[in-house]
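Below is one structure, written out as structure tokens; the observations come after it.
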């Protein structure tokens, strides 16, 4: 009987730990992040490659928000203009390849692994990592910096 209780506790803890992981970006977050990319001083060329890693965001939402880009699911690859990532670890790998990283959680910006992260609850807040932007070799329009929270 005690064995069953222990299994139940571990199962419950496992479910709780899974719920604590970052959720995929929703369409609103993707749209706001895509607009934020438009404030980079170096604009994406038409057909720029944008990668969406598993669990980061719905690929269809990214395609809708960035219609001029070549959006694909997969891992960060050299030559990508931007990569939507689901963790700081993925962000660091993509950032090392010189791409702009868009995270699905603010912790990625805090870790310096994502250039951009967006929160929509309780209000819309765009977070930008100065260190990650420098590592990606990008800068934002000075007017945009007044609208974001830099970390």
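Residue numbers (mature numbering (1 follows the signal peptide of the UniProt record, and there is no 0)): -22 to -1, 1 to 129.
Every residue gets a Cβ at the ideal spot worked out from N, C-alpha and C, and that includes glycine.
The C-beta of residue 77 has 16 or more other C-beta atoms within 10 Å across all chains shown, which makes the residue buried.
In the pairwise beta carbon analysis, the segment 112 to 120 is classified as touching the segment 17 to 26: at least three pairs are separated by under 8 Å. Per DSSP, reduced to three states, the secondary structure at residue 27 is strand. Here the alpha carbons of residue 39 and residue 111 stand approximately 24 Å from one another. Take residue 103, set aside five residues on each side of it, and the residues of its chain with a beta-carbon closer than 7 Å to its own are 97, 127, in chain order. When DSSP states are grouped into helix, strand and coil, residue 2 belongs to the coil group.
Secondary structure remark: continuous beta strand (DSSP E) runs of at least 3 residues inside the segment 54 to 92, in chain order: 60 to 63, 78 to 81. Taking the Cα positions, residue 65 is about 14 Å away from residue 29.
Listed in chain order, the non-local C-beta contacts of residue 12 below 6 Å within the same chain comprise 43, 44, local neighbours out to five positions each way being set aside. For residue 50, the enclosing beta strand (DSSP E) covers residues 48 to 51.
In the DSSP assignment, residue 37 falls outside any beta strand (DSSP E) and lies within the alpha helix (DSSP H) extending over 37 to 43.
Around the beta carbon of residue 101, fewer than 16 other beta carbons lie within 10 angstroms, which makes this residue exposed. Of the other Cβ atoms in all chains shown, fewer than 16 fall within 10 Å of the Cβ of residue 57; this residue is therefore exposed.
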